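Asks: Just so we're aligned, residue 68 is where the sequence shown starts under our numbering, counting upward by one.
For each residue, glycine too, the CB sits at the ideal point set by N, CA and C.
Source: prediction; values computed, not measured.
I have a structure I would like to understand better, so I am pasting it below and will then ask my questions one at a time.
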Amino acid sequence: MLRRAVRAGFTLPELLVVIGIIGLLISILVPVAGRAREVARRTACVANIRTLTTAAIVRATELTTGNGALIPTDGGGADSFTFLFPKYVSDYRVTICPSTQNSIRPDVLYSKPPLYPKPVLRDLAFVAANGQATFGHSYETFAWYSDGIWADGTIVNSRSVGRVNAQRGLKPGDLEYDPADPAADGVLKRMNTLIKPETSILILDSDQDGSAPDRMNNWPEEWNNHGTAGLNIGFCDGHVEWVSRGPGLIKTYIDGHQDPAQPDAFSMAQFPGLTIQNGVSANGRTFTKYTY
68 MLRRAVRAGF TLPELLVVIG IIGLLISILV PVAGRAREVA RRTACVANIR TLTTAAIVRA
128 TELTTGNGAL IPTDGGGADS FTFLFPKYVS DYRVTICPST QNSIRPDVLY SKPPLYPKPV
188 LRDLAFVAAN GQATFGHSYE TFAWYSDGIW ADGTIVNSRS VGRVNAQRGL KPGDLEYDPA
248 DPAADGVLKR MNTLIKPETS ILILDSDQDG SAPDRMNNWP EEWNNHGTAG LNIGFCDGHV
308 EWVSRGPGLI KTYIDGHQDP AQPDAFSMAQ FPGLTIQNGV SANGRTFTKY TY
């Protein structure tokens with residue numbers, strides 16, 4: 068009786084071909100899966116920023132004191148969300164971008180009168196150093212417009228609206244009143260000072276890098292929340308946009324009446340057509356003037 072020949076299995080060349088095909092598929096699928104995960108994280112980040120921005124708008128609308136400040140920090144360099152918790156936002160995890168390793172410690176408190184006369188969660192008061200940092204929240208607050216003569220002709224002049232206490236609606240005897248009464252270097256974003264809510268930046272992915280050639284402030288780099296791709300920005304009308312790294316990001320700062328806080332030469336190189344002039348006189352003082 069004839070017996071059917073039984074194949075012994077793959078030959079070595081065939082096995083190598085199969086292994087090669089599997090490796091090729093992995094090389095294609097892994098980056099695709101990684102990009103899909105990052106898209107999902109960006110979407111969650113948008114939801115976080117929208118929640119925080121909406122809470123700030125609601126807070127400002129409801130307040131009968133404090134001149135309706137959206138986020139009443141004591142200066143443009145402060146990045147605190149303590150003013151929104153727990154009344155307007157109950158879950159502090161909303162301050163964490165899912166693309167980062169940042170976290171909020173629920174048992175670490177911080178107090179520093181007069182700004183924080185009562186203990187607050189420390190990690191809500193301070194932004195993390197970068198996306199890889201363990202502690203601190205993930206977002207910057209642009210709670211103040213920057214003084215300047217802006218491309219749309221607007222002059223932001225802090226001297227015309229008062230010092231920090233006055234802009235925050237504080238008077239002697241108030242718990243958060245600062246006896247030093249420091250001068251302001253910008254205009255606090257209040258319901259009655261918003262210039263163009265749809266272009267006024269309020270909350271964005273953090274970028275706290277120093278200004279150096281390989282470590283630029285307000286310019287997405289690999290250690291920031293979403294790497295070099297760009298960042299999410301929440302505006303004072305409540306909408307959130309993804310803005311890619313490039314000329315459009317610098318333009319977004321300028322249109323929002325915000326100093327990019329970068330060397331002028333860098334900002335102008337990234338945004339061809341932008342001109343930055345320092346020491347321009349107007350209203351009895353000097354300003355930086357931005358045109359494009």
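Quick one: what does DSSP say Gln344 is sitting in, helix, strand or coil?
Replies: strand
Asks: Does the Cβ-Cβ distance between Ser273 and Gly323 come in under 8 Å?
Replies: Contact: no.
Asks: Where does Asn115 sit, in a helix, a strand or coil, going by DSSP?
Replies: Here Asn115 carries a helix assignment [DSSP, helix/strand/coil].
Asks: Hey, how far is the Cα of Gly133 from the Cα of Leu92?
Replies: Note on Gly133: pLDDT 49, under 50, position unreliable in the model; the coordinate value appears next. Going by the C-alpha atoms only, they are around 59 Å apart.
Asks: Quick check on Arg235 - is its C-beta less than 8 Å from some C-beta in chain D?
Replies: No chain D appears in the structure shown, which is made up of a single protein chain.
Asks: Compare the beta carbon distance of Asn299 and Cys112 with 8 Å and say whether it is the shorter of the two.
Replies: yes
Asks: Would you grab the beta carbon distance between Phe148 and Thr162 for me? Rounded to a whole angstrom, and I think it's under 8 Å.
Replies: 5 Å
Asks: Go through its chain and collect everything with a Cβ distance to Cys303's Cβ below 6 Å, but skip five positions before and after it.
Replies: Leu261, Pro264, Ser267 and Leu269
Asks: Buried or exposed for Pro139, going by 16 or more other Cβ atoms inside 10 Å?
Replies: buried
Asks: At 3 residues or longer, what runs of the beta strand (DSSP E) sit wholly inside the segment 243-320?
Replies: 253-255, 268-272, 297-302 and 307-311
Asks: Looking only at DSSP bridge pairs, what is Ser170 linked to?
Replies: Under DSSP, Ser170 forms a beta bridge with Phe202 and Gly203.
Asks: If you check the beta carbons only, do Tyr159 and Val125 fall under 8 Å apart?
Replies: no
Asks: Put Ser178 into one of helix, strand or coil per three-state DSSP.
Replies: strand
Asks: Might you give, ordered along the chain, the residues of its own chain that have their beta carbon closer than 8 Å to the beta carbon of Pro184, omitting 5 neighbours on each side?
Replies: Ser178, Leu242 and Glu243
Asks: Looking only at its own chain, which residues have a Cβ that is under 7 Å from the Cβ of Thr118, when we skip the five neighbours before and after it?
Replies: Val156 and Val161
Asks: Strictly by DSSP, which residues pair up with Arg352?
Replies: In the DSSP output, where bridge partners are listed per residue, Arg352 has Ala349.
Asks: When the Cα of Ala247 is compared with those of Thr128, Pro180 and Ile88, which residue comes out closest?
Replies: Pro180
Asks: Grab the span of the beta strand (DSSP E) containing Val187 for me, first residue to last.
Replies: Tyr183 to Leu188
Asks: How would you write the range of the alpha helix (DSSP H) that Ser213 sits in, first residue to last?
Replies: Taken as a continuous stretch (DSSP letters only), Ser213 belongs to no alpha helix (DSSP H), being part of the beta strand (DSSP E) at Trp211 to Ser213.
Asks: Pick from Phe152, Val310, Val187 and Ala195: whose alpha carbon is nearest that of Thr167?
Replies: Ala195
Asks: In chain order, what residues of the same chain have a beta carbon less than 6 Å from the beta carbon of Asn197, not counting five sequence neighbours either side?
Replies: Trp290
Asks: Would Tyr320 and Ala218 be called neighbours here (beta carbons separated by less than 8 Å)?
Replies: no
Asks: Identify the residues that DSSP records as bridge partners of Val223: which are they?
Replies: Gly215
Asks: For Arg352, count the other beta carbons within 10 Å of its own beta carbon; 16 or more makes it buried, fewer makes it exposed. Which is it?
Replies: exposed
Asks: Residues bridged to Tyr357 by DSSP?
Replies: Ile343
Asks: So Leu42 and Phe209 are in contact, right, with Cβ under 8 Å, and what is the actual spacing, rounded?
Replies: Lying before the first or after the last residue shown, residue 42 is absent from the chain, which here runs from 68 to 359.
Asks: In its own chain, which residues sit with a C-beta less than 8 Å from the C-beta of Thr295, not counting the 5 before and 5 after it?
Replies: Correct list, in chain order: Pro287, Glu288, Glu289 and Arg312.
Asks: Could you check what DSSP says for Val84 in three-state terms: helix, strand or coil?
Replies: helix
Asks: Of the residues Ala103, Gly305 and Pro249, which one's Cα is nearest the Cα of Gly143?
Replies: Pro249
Asks: Alpha carbon to alpha carbon, how far is Thr110 from Ile89? Give it in angstroms, no decimals.
Replies: 31 Å
Asks: Over the uninterrupted alpha helix (DSSP H) stretch that includes Ser334, give me the two end residues.
Replies: Asp331 to Gln337
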